[in-house]
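Novice: Numbering (full-length UniProt numbering), first residue to last: 1 to 586.
All C-beta atoms, glycine included, are put in the ideal place defined by N, C-alpha and C.
Note that the coordinates shown come from a computational prediction; the quantities given were computed from them, not determined experimentally.
I'd like to ask some things about the structure below.
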Amino acid sequence: MAVGAAHRCHRYGGGWSTADTCARGVARPYSSALAGGRCAGQRGRLGGAGAGRWLRVVEHRLAGAAGHRHGAFAGDFRPAYRFAGRGDLRAGRRPCTLGAVATGFTLAALCLCAGVHRCAGLRAAGRFRGAGTACLCDGRDGAAVAFALSAPGRCLAAFNAVLIFEPLVTLQPGFWLSFAAVGILVLIFSGRLGAWNWWQSWTRAQWLIAIGLLPILLALNLPISLSGPFANLLAVPWVSLIVLPPALLGTLLLPVPVVGEGLLWLAGGALEWLFMFLGWVAAVLPAWLPSAMPGWAWLLSLLGAFILLLPKGVPMRPLGWPLLLLCVFPPLDSVPAGQAEVLQLDVGQGLAILLRTRNHTLLYDAGPRFGEFDIGQRVVVPAMRKAGVRHLDLMLISHADSDHAGGAAAVHQAFPVDRVLGGELARLAPQLDARLCESDARWEWDGVVFSTWRWEQGPDGNPASCMLSVDAGGERLLLTGDIDVDAERAAIASGFDLRAHWLQSPHHGSRTSSSKVFLQAVGAVGVLISRGRNNAFGHPHPLVMARYRWLGMASYDSAELGAVSLRLGTFGTPQAERAQRRFWRD
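This is how it looks when you write it as C-alpha cells:
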C-alpha cells in the first residue's frame, strides 16, 4: 500500500518522487532504473540502451513469470501449513494467511524483476494492492489456492476488472502471458490424484509452463527462450528472497537518510549479479526466433500443448508431441523460384521495403527513427520476424537520412546481416560496416535479377540515393529512395534500364521528384507511396499525384492502405493490409 501510495504521489504530481529517489539510491546504471521504476510501478524508468539490454536478456525469459509464480508458490505450501499446525488445506484461515503473504511477496518480487506489474490480472503495487490481499480475502474458502484453482470464474473476473480499469493493457504481451500462465498452472495443479514433492512441483511447473506458453509466444511474435526454465530456477527465488526485501524496505525507509539508500544499494547490487548470470545463460542458450506459421498449424500446436499439459492418465497424451513440433518445423509458404515477394511496410514518414526470393532476403531502407522512438525496432523487426526472416543477405540503405536509415541499427542488431550497402557512408552508423553502392552492379538470386545505380558525381543527401531494379520473370520493380529531378536526369542519361511495372515513388511523392520525363522512361502501371498521414512536408504533392493519374499509374499509398504486398513475377495486383481490415477496427 505504501508503494502504491508512492506511485500515486509521483503519477499525479506530488511534491516528491519515490521512483527518482530510489534511482538515486542505487548507484548502478541499470539496477537504479529497475529499483526506482519497479518499486514505484513505472515501466518508463527503463529507457535507451538499458531497456534494450533488459529486454534482450531478461524480459523474453520472465515476461510471463509475474503472472504465474504466485500460483506456483501458493499451490504447494505444505511446510507453511505444518508450521501453522494445520495439515489440512481446508482447516482454517491461518494457512491461507501464510500462503497469501508468500503469494503477495512473490508477486511483488517478480514485478520488480520482470517489469510486468499485471500479475494474474492484479497489480502488485497499485489499484488492487497485491494478490496477497486477494488471497487473504478468500480465506473463508479454506485455501490460499482457492483464488486460482477452485474458482476459475474469479480469474475471469480479475481479467475483466483489469480490462475495465486499463483497456489498453491488452496491447502489452505481458498481460496475455500472465493470464495464460495462470491458466496453465490451474490446469496442471488441479485434479491430480497424487502429490508432487516441492522439487517436482517447482521443476515440472517450469517445463510445463514453457510448453504451454510456446504457442502464445508464437502468436505474439516473441522470441522463444531456450534458457528460460533454467534461468527461472535461480532468478525467481533470487529476486523474491534477496532483491525484493531490501528494495521494498529501502523504499519504505527512504525518509531515513542512510538506511533507505543503503538498502536500495544492496538491492541494486543483487540485480547486477542477476544480470551477469542471465547474460551468461543467454549467451550459452540464445533465444530462438521461430518462422511464421499458418493459422491452422498454430491451432494444432496449441492443441498439442494443451494435450501435453493434461495428466498422464489421459488417453492419446503422447500425440501432443508431434502436434507441438509444428512450432519447431512449421510448414512454410515458400516463394517459388523466379518470383520475389515484395512488402512495403507502413512505417509512417519513411521507407522500408522487404524483398524475399526463394532462398534470399533483402531489406531496402529500414524505416525512420524519431529520438528514442525507433520504427526499425517497433515495426520493421517484428514484421520481418512475422514473415519468417531469420537473417538478411543484404540490407541496402538508399541514403543516410534518418527517415530511411534510422531503423538500420535495430535491424542489424536483431538479425545476422551478410552485407550492408549504402548510397552515402559518412552519416551511416559505424556498426553497420556499410560499403558504397556501386552503379551497374548486378547479381541474381533464385532466378530473380537485381541491379543498382547511383549518381556517383552527384551531391550528398537525397541525390545520392542508391536505386535498385528487380526483375522477376519479366515483371520489374524500381526502388528509387529519395532521388530528385537532377538525379532522375542523370539516371536517364546514364543508360540505366529504368523500365518497370512498379515504381516506388521518389522522395515520398515530393514536388522535387517524379518529373514527367522520368515517369515516361519508367512506364510503370502502379506506384508505391510510403509516407506519413498528414505529414508536415505535404507529401505526396497534388501536382505529382495528378501526374501519376495522367500517365495512368495506379497509386498505393501506405498512409491510406497500410502495408502493401506484391508477388513480383506473377503480374498480379498488390494487396493492401487495410483491404483485409477487421470490422472491429473500423
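(1) To the nearest angstrom, report how far apart residue 432 and residue 398 are at their CA atoms.
(2) How about residue 404 and residue 461: are their beta carbons less than 8 Å apart?
(3) Out of 542, 504, 165, 408, point me to the one whose CA is closest to residue 526's CA.
(4) Under the DSSP definition of a beta bridge, which residues are partnered with residue 422?
(5) Return yes when the Cβ of residue 510 is within less than 8 Å of the Cβ of residue 539, no when it is not.
(6) Once DSSP output is grouped into helix, strand and coil, what is the label at residue 553?
(7) Under the rule that 16 or more other beta-carbon atoms within 10 Å means buried, what is residue 352, buried or exposed?
(8) In this structure, does DSSP put residue 483 in helix, strand or coil?
(9) Cα-Cα, which of 173, 202, 443, 439 is closest to residue 455?
(10) Per DSSP, residue 545 is paired with what?
(11) Kindly provide the ranges of any alpha helix (DSSP H) runs that are 4 or more residues long and lie completely inside the region 210-279, ordered along the chain.
(12) What are the boundary residues of the beta strand (DSSP E) that residue 467 is part of?
(13) Could you confirm whether any beta carbon from chain D is found closer than 8 Å to the beta carbon of residue 296?
(14) Helix, strand or coil: which one does DSSP assign to residue 444?
(15) If we call anything under 8 Å between Cβ atoms a contact, is residue 374 one with residue 348?
(16) Assign residue 379 to one of three DSSP states: helix, strand, or coil.
(17) By Cβ distance below 6 Å, which residues in the same chain neighbour residue 356 in space, the five residues on each side in sequence not counted?
(18) Please identify the residue among 554, 386, 415 whose C-alpha is closest to the C-alpha of residue 393.
(19) In the DSSP assignment, the beta strand (DSSP E) including residue 342 goes from what residue to what residue?
(20) Pick out whichever of 213, 449, 189, 214 has its Cα sitting closest to the Cα of residue 202.
(21) List, from N- to C-terminal side, the alpha helix (DSSP H) runs of 4 residues or more that fit wholly inside the region 304-342.
(22) Kindly indicate the opening and closing residues of the beta strand (DSSP E) around residue 527.
(23) Across the region 316-331 and the region 205-221, are there enough close Cβ pairs to call them in contact, namely three or more that are closer than 8 Å?
(24) How far does the beta strand (DSSP E) with residue 502 in it extend, from its first residue to its last?
(25) What residue range is occupied by the uninterrupted beta strand (DSSP E) comprising residue 178?
(26) In whole angstroms, what separates the C-alpha of residue 533 from that of residue 577?
(27) Please classify residue 588 as buried or exposed, where buried requires at least 16 neighbouring CB atoms within 10 angstroms.
(28) Going by C-alpha to C-alpha distance, which of 520, 543, 565 sits closest to residue 528?
(29) Comparing C-alpha positions only, which one of 508, 422, 319, 284 sits nearest to residue 559?
(30) How many angstroms separate the CA atom of residue 309 from the CA atom of residue 333?
(31) Should residue 409 and residue 383 be called a contact, given that it needs their Cβ atoms to be closer than 8 Å?
(32) Could you tell me which residues DSSP pairs with residue 369 in its beta bridges?
(33) State yes or no: is the C-beta of residue 550 within less than 8 Å of the C-beta of residue 496?
(34) Output yes or no for whether 8 Å exceeds the beta carbon distance between residue 420 and residue 442.
(35) Taking DSSP as the reference, what is the three-state secondary structure of residue 289?
(36) Would you kindly work out how many angstroms separate the C-alpha atoms of residue 369 and residue 307, rounded to a whole number?
Specialist: Quick look at the numbers:
(1) Reading the sequence shown from its first residue, position 432 is the one you call residue 432. Reading the sequence shown from its first residue, position 398 is the one you call residue 398. Separation of residue 432 and residue 398 (C-alpha to C-alpha, rounded to the nearest whole angstrom) is 14 Å.
(2) The residue given as residue 404 occupies position 404 in the sequence shown. The residue given as residue 461 occupies position 461 in the sequence shown. In this structure, residue 461 does not lie closer than 8 Å to residue 404 by Cβ.
(3) Position 526 of the sequence shown, counted from the start, is the residue given in the question as residue 526. Nearest C-alpha to residue 526: 504.
(4) The sequence position of residue 422 within the sequence shown is 422, counting from 1. BP columns for residue 422 point to 397, 436.
(5) Taking the sequence shown and counting its residues from 1, the one referred to as residue 539 is at position 539. Taking the sequence shown and counting its residues from 1, the one referred to as residue 510 is at position 510. Yes. Within cutoff.
(6) Indexing the sequence shown from 1 puts residue 553 at position 553. Looking at residue 553 - three-state DSSP - the assignment turns out to be coil, as it is neither helix nor strand.
(7) One-based indexing of the sequence shown puts residue 352 at position 352. It is buried - the Cβ of residue 352 has at least 16 other Cβ atoms within 10 Å.
(8) Within the sequence shown, residue 483 is the residue found at index 483, counting from 1. In this structure, residue 483 counts as coil in the three-state DSSP scheme.
(9) Locating residue 455 in the sequence shown gives position 455, counting from the first residue. It is 439 whose Cα lies nearest to the Cα of residue 455.
(10) By one-based count along the sequence shown, residue 545 stands at place 545. DSSP, once it has assigned bridges, lists no residue as partnering residue 545.
(11) 228-238, 244-252
(12) As a position in the sequence shown, residue 467 is number 467, starting the count at 1. In this chain, the beta strand (DSSP E) harbouring residue 467 covers 467-472.
(13) The structure shown has no chain D; it contains just one protein chain.
(14) One-based indexing of the sequence shown puts residue 444 at position 444. Correct three-state label for residue 444: strand.
(15) In the sequence shown, the residue the question calls residue 374 occupies position 374. In the sequence shown, the residue the question calls residue 348 occupies position 348. No, the pair does not count as a contact, with Cβ atoms beyond the cut-off.
(16) Residue mapping note: residue 379 aligns to position 379 of the sequence shown, counting from 1. When DSSP states are grouped into helix, strand and coil, residue 379 belongs to the helix group.
(17) Your numbering for residue 356 matches position 356 in the sequence shown. Correct list, in chain order: 335, 341.
(18) Position 393 of the sequence shown holds residue 393. Minimum Cα distance to residue 393 is reached at 415.
(19) Counting from 1 along the sequence shown, the entry for residue 342 is found at position 342. Where residue 342 is concerned, the enclosing beta strand (DSSP E) stretches over 340-344.
(20) As a first step, residue 202 is located in the sequence shown; it is residue number 202 there, counting from the start. Nearest in C-alpha terms to residue 202, of all of 213, 449, 189, 214, is 189.
(21) 320-324
(22) The residue given as residue 527 occupies position 527 in the sequence shown. Residues 526-529.
(23) yes
(24) On the sequence shown, residue 502 is found 502 positions in, with the first residue counted as 1. Residues 502-504.
(25) Along the sequence shown, one-based indexing puts residue 178 at 178. Careful: residue 178 lies outside any beta strand (DSSP E), inside the alpha helix (DSSP H) at 173-189.
(26) The count along the sequence shown starts at 1 and reaches residue 533 at position 533. The count along the sequence shown starts at 1 and reaches residue 577 at position 577. Taking the straight line joining both Cα atoms gives about 16 Å.
(27) Given a span of 1 to 586 for the chain in the structure shown, any question on residue 588 remains unanswerable.
(28) Position 528 of the sequence shown, counted from the start, is the residue given in the question as residue 528. When only C-alpha atoms are compared, the closest one is 565.
(29) One-based indexing of the sequence shown puts residue 559 at position 559. Among 508, 422, 319, 284, the Cα nearest to that of residue 559 belongs to 508.
(30) Numbered from its first residue, the sequence shown carries residue 309 at position 309. Numbered from its first residue, the sequence shown carries residue 333 at position 333. Cα to Cα, the separation comes out at about 30 Å.
(31) Taking the first residue of the sequence shown as 1, we reach residue 409 at position 409. Taking the first residue of the sequence shown as 1, we reach residue 383 at position 383. No; because the gap between Cβ atoms is not below 8 Å, this pair is not in contact.
(32) The residue you call residue 369 lines up with position 369 of the sequence shown. Paired residues: 374.
(33) For the purposes of this step, residue 550 is taken as the residue at position 550 of the sequence shown. For the purposes of this step, residue 496 is taken as the residue at position 496 of the sequence shown. In this structure, residue 496 does not lie closer than 8 Å to residue 550 by Cβ.
(34) Indexing the sequence shown from 1 puts residue 420 at position 420. Indexing the sequence shown from 1 puts residue 442 at position 442. No; because the gap between Cβ atoms is not below 8 Å, this pair is not in contact.
(35) One-based indexing of the sequence shown puts residue 289 at position 289. Correct three-state label for residue 289: coil.
(36) For the purposes of this step, residue 369 is taken as the residue at position 369 of the sequence shown. For the purposes of this step, residue 307 is taken as the residue at position 307 of the sequence shown. In a straight line, the C-alpha of residue 369 is about 44 Å away from that of residue 307.
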